[in-house]
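>
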Amino acid sequence: MALWHFSFLIVSNKKSPENMSIDQLCEWEPKELALSIEYLQNILPIEKSWSSAIKQYGNHDGTNIKIVFDNQQIVEISCSLDLRTLTKSLLAQVLQYIELIQGNILYNGIVYEPTMEKIIALMKQSDAGQFCTNPREYLDKLSKSKDKLKG
Amino acid sequence: MIYSKCAALRQLYDQGGINFYLEKLAADSQRDQLDGNLLNSVVKLLCDFSDQSENYVEKFQNGNYLGGVLSLLGGTLRLPKTLLLNRINILSALLSGNKITVDSDMSYREFDKSFSEHWNLIPAMETIDQMRKDGPAGEFWADLLQTLIEMGTDPMFWLGLNQGLKNKLANDPNTAAYADKLQRGGFVGKIKPGAKVIETIDPNELIPTQKMTKSNREFQELLEQIKKNGITETIKYVEYNGEKYVVDGHHRLIAAKRLGFTKVPAERVELPYLGYKTVNDLFW
Chain A
7 MALWHFSFLI VSNKKSPENM SIDQLCEWEP KELALSIEYL QNILPIEKSW SSAIKQYGNH
67 DGTNIKIVFD NQQIVEISCS LDLRTLTKSL LAQVLQYIEL IQGNILYNGI VYEPTMEKII
127 ALMKQSDAGQ FCTNPREYLD KLSKSKDKLK G
Chain B
34 MIYSKCAALR QLYDQGGINF YLEKLAADSQ RDQLDGNLLN SVVKLLCDFS DQSENYVEKF
94 QNGNYLGGVL SLLGGTLRLP KTLLLNRINI LSALLSGNKI TVDSDMSYRE FDKSFSEHWN
154 LIPAMETIDQ MRKDGPAGEF WADLLQTLIE MGTDPMFWLG LNQGLKNKLA NDPNTAAYAD
214 KLQRGGFVGK IKPGAKVIET IDPNELIPTQ KMTKSNREFQ ELLEQIKKNG ITETIKYVEY
274 NGEKYVVDGH HRLIAAKRLG FTKVPAERVE LPYLGYKTVN DLFW
């Protein structure tokens, strides 16, 4: 994962996070996605993943959505937005996809509804957002606390 | 007023003129204090002899900056179609100030002949030695040429371009400055995987810049892959204030440390890696 990626998981909005583990929350039934695959392929063409267990839509370095399988079971859907090149129209399409599969955004352990306002607010606060806005300032800030990150 | 490239692009659409956009970018390149901004340095050069091109806008929008630059030059750059994918080639031609036209029917032989006629070719090592005497910018192109030779690229092909550059560098301090910018833009580091710029270093030298973002399940998958195949893609870092900060490959680095690797393949890149924009740019 690159520093310009804002990454989150997509979880079903039919599940209640209070009653289950993170792993359970992230799982999907393949049939829940069946009708939306064509839409997804239209916005992010399918590409070869580094792992046979992952179906990857979009480029690994750019904006992508990955569906992770364990045998026939979908264990998670992750989304990485490339903040260097993201456009509002692509973001809107990604959000529309999340809505289409009746999903929510799971970011830093908190579930959010997939709205434009919310995701932009999260992106701005994220490491990726801060890095892309001012790479040098980000590294300066980091150098003050690098010992914490080392090791 | 703070504007962005994207805002400028939007205005371009509204006003229907590429020149407006180029002027904005030229102004931007002067204001932009981030060293190594490859795009801006190229665009600044292009402003002198650009044509209108819708393809440019489209490719730029898609994030293919150099593809956009190429499209913009469609009317004035003459190269065999097969060579158009080579970015160094295009940039070299740009920096040398030569106006060449694109010709998809042109053969490689014809191309080579036209370059030979245009620029006096001299042996590779002699060129390299001479270029090194031209100061930092000359050294950059000398290193580039040397790298290409080491990679097995036909040196004769590059000689014409570099000789043209050398001539230009001798007379034009601005071109030297652009070459220097390109150097700091990490362009050499992105020529091709396997070139000498890829190194193997102690993973403890690399400083992570973000927390783990992969889920445990995806990370376990990655760990298994690395255990089986090793690290197949380099970890990208930037050197800043004497430290090496990871910008791409955090999980590979964490995996390498967990697996006890003492060396990892790494590649130095520069800031900005491709030309960043901010989240605010989403609001055109």
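Chains A and B supply the protein sequences, listed in that same order.
The working numbering puts the first residue of the first sequence at 7, with every later residue one more than the last.
The working numbering puts the first residue of the second sequence at 34, with every later residue one more than the last.
Ideal placement from N, C-alpha and C gives every residue a C-beta, glycine not left out.
#1: Considering only residues of the region 43-86 of chain A, which uninterrupted alpha helix (DSSP H) runs meet the minimum length of 4 residues and lie entirely inside it, listed in chain order?
#2: Tyr103 (chain A) and Leu46 (chain A) look like a contact to me (Cβ under 8 Å); what is the Cβ gap, rounded to whole Å?
#3: Taking Glu82 (chain A) as the query, report the chain B residues whose CB atoms sit under 9 Å from its CB, ordered along the chain.
#4: Do you know offhand how far Leu79 (chain B)'s Cα is from Ala40 (chain A)'s?
#5: Can you grab the Cα-Cα spacing for the pair Pro188 (chain B) / Ala59 (chain A), in whole Å?
#6: How far does the beta strand (DSSP E) with Pro120 (chain A) in it extend, from its first residue to its last?
#7: Ignoring anything shorter than 3 residues, give me the beta strand (DSSP E) runs that lie fully in the region 274-307 of chain B, in order along the chain.
#8: Output the distance between the C-alpha atoms of Glu33 (chain A) and Lys150 (chain A), rounded to the nearest integer angstrom.
#9: By Cβ distance below 8 Å, which residues in the same chain neighbour His11 (chain A) in space, the five residues on each side in sequence not counted?
#10: What first and last residue would you give for the alpha helix (DSSP H) that runs through Ile104 (chain A)?
#11: For Ile49 (chain A), which option in A:Val100, A:Gly109, A:Asp146 has the closest C-alpha, if you only look at C-alpha atoms?
#12: Against chain C, with Cβ distances strictly below 8 Å, would Val74 (chain A) count as a contact?
#13: How long is the line joining the alpha carbons of Leu99 (chain B) and Thr91 (chain A), rounded to whole angstroms?
#14: Could you give the residue range of the beta strand (DSSP E) that holds Leu15 (chain A)?
#15: So Ser84 (chain A) and Ser18 (chain A) are supposed to be a Cβ contact under 8 Å. How far apart are they, rounded?
#16: Contact criterion: CB-CB distance below 8 Å. Does Val302 (chain B) meet it with respect to chain A?
#17: If we ignore side chains and look at the alpha-carbon of each, how far apart do Lys290 (chain B) and Leu112 (chain A) end up?
#18: Report the partner residues of Gly109 (chain A) according to the DSSP bridge assignment.
#19: Going by beta carbon distance, what residues of the same chain come within less than 7 Å of Asn4 (chain A), once the five residues before and after it are set aside?
#20: Can you tell me where the alpha helix (DSSP H) with Arg142 (chain A) in it begins and where it stops?
#21: I'd like the list of long-range same chain contacts for Gly68 (chain A), defined as Cβ closer than 7 Å, with 5 residues on each side in sequence excluded.
#22: Taking its Cβ as the centre, do 16 or more other Cβ atoms sit within 10 Å of Ser7 (chain A), making it buried, or is it exposed?
#23: Using the beta-carbon of each residue, which ones in chain B are nearer than 9 Å to Ser27 (chain A)?
#24: In the structure shown, what three-state DSSP assignment does Asp133 (chain A) receive?
#25: Is Val279 (chain B) closer than 8 Å to Thr246 (chain B) when the C-beta atoms are compared?
#26: Closer than 8 Å, CB to CB, is Glu272 (chain B) near chain A or not?
Result, derived from the coordinates:
#1: 43-49
#2: Here residue 103 (chain A) corresponds to residue number 97 of the first sequence, with the count starting at 1. Here residue 46 (chain A) corresponds to residue number 40 of the first sequence, with the count starting at 1. Correct: roughly 6 Å between the Cβ atoms.
#3: The sequence position of residue 82 (chain A) within the first sequence is 76, counting from 1. Neighbours of Glu82 (chain A) on chain B, chain order: Ser248, Arg250, Glu251.
#4: Here the question's residue 79 (chain B) lines up with position 46 in the second sequence. Here the question's residue 40 (chain A) lines up with position 34 in the first sequence. At Leu79 (chain B) the pLDDT is 42, less than 50, meaning the model places this residue with poor confidence; the figure from the coordinates comes in the next sentence. CA-to-CA, the gap between Leu79 (chain B) and Ala40 (chain A) works out to about 48 Å.
#5: Your numbering for residue 188 (chain B) matches position 155 in the second sequence. Your numbering for residue 59 (chain A) matches position 53 in the first sequence. For Pro188 (chain B), the pLDDT reaches just 36, beneath the cut-off of 50, and the residue's location in the model is therefore unreliable, leaving the point undetermined.
#6: Locating residue 120 (chain A) in the first sequence gives position 114, counting from the first residue. For Pro120 (chain A), no beta strand (DSSP E) run applies, since DSSP gives it neither H nor E.
#7: Within the region 274-307 of chain B, complete beta strand (DSSP E) segments of at least 3 residues are found at 276-281, 297-302, given in chain order.
#8: Numbered from 1 along the first sequence, position 27 holds the residue referred to as residue 33 (chain A). Numbered from 1 along the first sequence, position 144 holds the residue referred to as residue 150 (chain A). A straight-line Cα-Cα distance of about 39 Å links Glu33 (chain A) and Lys150 (chain A).
#9: The residue labelled residue 11 (chain A) in the question sits at position 5 within the first sequence. Counting only Cβ-Cβ distances below 8 Å, and skipping sequence neighbours, we find Ser86, Leu87, Asp88, Leu89, Ala134.
#10: Indexing the first sequence from 1 puts residue 104 (chain A) at position 98. 94-106 is the extent of the alpha helix (DSSP H) around Ile104 (chain A).
#11: Taking the first residue of the first sequence as 1, we reach residue 49 (chain A) at position 43. Residue A:Val100 is the option with its Cα nearest to Ile49 (chain A).
#12: No chain C is present in this structure, whose protein chains are A and B.
#13: Numbered from its first residue, the second sequence carries residue 99 (chain B) at position 66. Numbered from its first residue, the first sequence carries residue 91 (chain A) at position 85. At Leu99 (chain B), the pLDDT of 39 sits below 50, so the modelled position is not reliable; the number obtained from the coordinates is stated separately. Cα-Cα distance, rounded: 14 Å.
#14: The residue you call residue 15 (chain A) lines up with position 9 of the first sequence. Leu15 (chain A) -> beta strand (DSSP E) spans 11-18.
#15: On the first sequence, position 78 is the one that residue 84 (chain A) refers to. On the first sequence, position 12 is the one that residue 18 (chain A) refers to. The Cβ separation is near 14 Å, so there is no contact.
#16: For the purposes of this step, residue 302 (chain B) is taken as residue 269 along the second sequence, with counting starting at 1. No, Val302 (chain B) lies away from the interface with chain A (no Cβ there is under 8 Å from its Cβ).
#17: As a first step, residue 290 (chain B) must be located in the second sequence, where it is residue number 257. As a first step, residue 112 (chain A) must be located in the first sequence, where it is residue number 106. Those two C-alpha atoms are separated by around 28 Å.
#18: One-based indexing of the first sequence puts residue 109 (chain A) at position 103. Answer is A:Ser18, bridged to Gly109 (chain A).
#19: As displayed, chain A neither begins before 7 nor continues past 157, which places residue 4 (chain A) out of reach and without an answer.
#20: Translated into positions along the first sequence, residue 142 (chain A) becomes position 136. Start and end: 141-150.
#21: Here residue 68 (chain A) refers to the residue found at position 62 of the first sequence. Once the five neighbours on either side are set aside, the close Cβ partners of Gly68 (chain A) are Asp88, Thr91.
#22: Taking the first residue of the first sequence as 1, we reach residue 7 (chain A) at position 1. Note that residue 7 (chain A) corresponds to Met in the displayed sequence, not to Ser. Burial check for Met7 (chain A): the Cβ neighbour count within 10 Å reaches 16 or more, so the residue is buried.
#23: Residue 27 (chain A) sits at position 21 when you count from the first residue of the first sequence. Per Cβ cutoff of 9 Å: no residues; Ser27 (chain A) is ~11 Å from chain B at best.
#24: Stepping through the first sequence from its first residue, residue 133 (chain A) is reached at position 127. Residue state, collapsed to three classes: helix.
#25: Counted from its first residue, the second sequence places residue 246 (chain B) at position 213. Counted from its first residue, the second sequence places residue 279 (chain B) at position 246. No, these two residues do not count as a Cβ contact at 8 Å.
#26: Taking the first residue of the second sequence as position 1, residue 272 (chain B) is located at position 239. For Glu272 (chain B), the answer is no, since every Cβ of chain A falls outside 8 Å of its Cβ.
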